[in-house]
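Numbering (our numbering), first residue to last: 436 to 765.
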């Protein structure tokens, strides 16, 4: 998770709005600085509300009437016309899916359900044959065809879940709405995914804390300064279960159909927007540090990997940053 750090006193004459609420099953926080004098806080709130309502109408898997829910409920393989916003998200999802060697995937529902992360209750370890069957029903290449403004199932029971990219897009979409009011210095955070524009109230890049990947603490492991970029973090340390002393994370590798087993506990990514940062953070966590760093170099991504140190006497972590991420913490 990411934590926008508290602001010190504003520069003299600087106006500052702080707005927060609930959306997408989580919280949002918006900070706007140097707001034009003719813009009221109620106008900023209205812009935020309108933007978030639109994203939920298009991409919420919990709203049965949303665009993506209607696609999931549809039978057959007839192409469905989709909004420009949903098309933007699905094209980004497919791009990251391909570039990450299939590790980012919005069609993982069968595997998530099989491993018991889709609903509460006791969890049992699935058999190999069950995993293979669920894998056959998953995967962009197996189940979807993404057109310029169309989405099509190539398997009748294909399901798309946007939780690992939708919050990031929501942050970007709110940012666009705020910019239409003439605000250029702002930070939008939804469930830990964020987009930061311009400068904070101190006239500096926005300072964001990277959380220590421990389930019961909210410590800050590192701090980055960002502006004009999206930032997202993905971790395996809050949602998991144990069977006979073995830990099974909710983060499932599409390549194996099983929860990840490597030492990487979290991955934090800086990208041109929050949507891509959101998707790439998930992909990097699944890839793990070794292969992830190779792909990050090929994609020119700024990424920070946090790994559990198995050689330490107590729980501790090691960090590895790509060169472009290291510059942000210098």
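Just so it is clear, CB atoms sit at the ideal spot from N, CA and C, and this is done for glycine as well.
What are the start and end residues of the alpha helix (DSSP H) that includes residue 734? Per DSSP, residue 734 belongs to the alpha helix (DSSP H) from 709 to 734.
My understanding is that residue 755 touches residue 726, with C-beta atoms under 8 angstroms, so please give their C-beta distance in whole angstroms. Contact flag wrong, Cβ pair sits at about 13 angstroms.
Determine the direct distance from the alpha carbon of residue 452 to that of residue 513, and round the result to whole angstroms. Roughly 46 angstroms separates the two Cα atoms.
Among the candidates 645, 628, 685, 619, whose CA atom is the shortest distance from the CA of residue 634? Checking every option, the nearest Cα to that of residue 634 belongs to 619.
Please check the pair residue 695 and residue 704, which I expect to be a contact at CB under 8 angstroms, by giving their CB distance rounded to whole angstroms. No, residue 695 and residue 704 are not in contact; Cβ-Cβ is about 16 angstroms, not under 8 angstroms.
Along the chain, where does the beta strand (DSSP E) that runs through residue 583 open and close? Neither: residue 583 is in no beta strand (DSSP E) and is coded neither H nor E.
Anyone know if the C-beta pair for residue 599 and residue 461 falls short of 7 angstroms? Contact flag unset, no.
Specify, as a first and last residue, the run of the alpha helix (DSSP H) that residue 549 falls within. Counting along the chain, the alpha helix (DSSP H) containing residue 549 begins and ends at 544 to 549.
Would DSSP call residue 689 helix, strand or coil? Coil.
CB contact flag (residue 701, residue 731, <7 angstroms): No; because the gap between Cβ atoms is not below 7 angstroms, this pair is not in contact.
By Cβ distance, which residues of its chain are closer than 6 angstroms to residue 444, with the 5 residues on each side in sequence left out? Here the model assigns residue 444 a pLDDT of 44, short of 50, so the residue's position is not dependable, and the following value carries that caveat. Non-local beta-carbon contacts of residue 444 in its own chain, meaning distances under 6 angstroms to residues more than five positions away in sequence, are absent.
Measuring straight from C-alpha to C-alpha, what distance separates residue 656 and residue 469? Taking the CA atoms as reference points, residue 656 sits about 30 angstroms from residue 469.
Could you have a look at residue 494 and say whether DSSP puts it in helix, strand or coil? It is helical.
Whole-angstrom C-beta distance between residue 521 and residue 503, which should lie under 8 angstroms: A Cβ-Cβ distance of about 7 angstroms is found for the pair residue 503 and residue 521, placing them in contact under the 8 angstroms criterion.
Distance check for residue 622 and residue 739, CA to CA, integer angstroms please. Approximately 21 angstroms between the Cα atoms of the pair.
Pairwise C-alpha distance: residue 560 and residue 721: Distance between the alpha carbons of residue 721 and residue 560 is about 20 angstroms.
For residue 713 versus residue 605, is the C-beta distance shorter than 7 angstroms? Here residue 713 is not near residue 605, since their CB atoms are 7 angstroms or more apart.
Would you kindly work out how many angstroms separate the C-alpha atoms of residue 500 and residue 697, rounded to a whole number? Taking C-alpha positions only, residue 500 is separated from residue 697 by approximately 39 angstroms.
From 527, 538, 595, 549, residue whose alpha carbon lies closest to that of residue 508: Of 527, 538, 595, 549, the smallest CA-CA separation from residue 508 is found for 595.
Residue 668 (DSSP reduced to helix, strand or coil): Note: residue 668 maps to strand in three-state DSSP.
Tell me whether residue 760 sits in a helix, a strand or coil according to DSSP, three-state version. Of the three classes helix, strand and coil, the one that applies to residue 760 here is helix, per DSSP.
Classify residue 465 as buried or exposed, calling it buried when 16 or more other Cβ atoms lie within 10 Å of its own Cβ. Around the CB of residue 465, 16 or more other CB atoms lie within 10 Å, so the residue is classed as buried.
Rounded straight-line distance, which links the Cα of residue 630 to that of residue 644: Whole-angstrom Cα-Cα distance: 14 angstroms.
How is the beta strand (DSSP E) around residue 597 delimited, first residue to last? Element bounds for residue 597: n/a, residue is neither H nor E.
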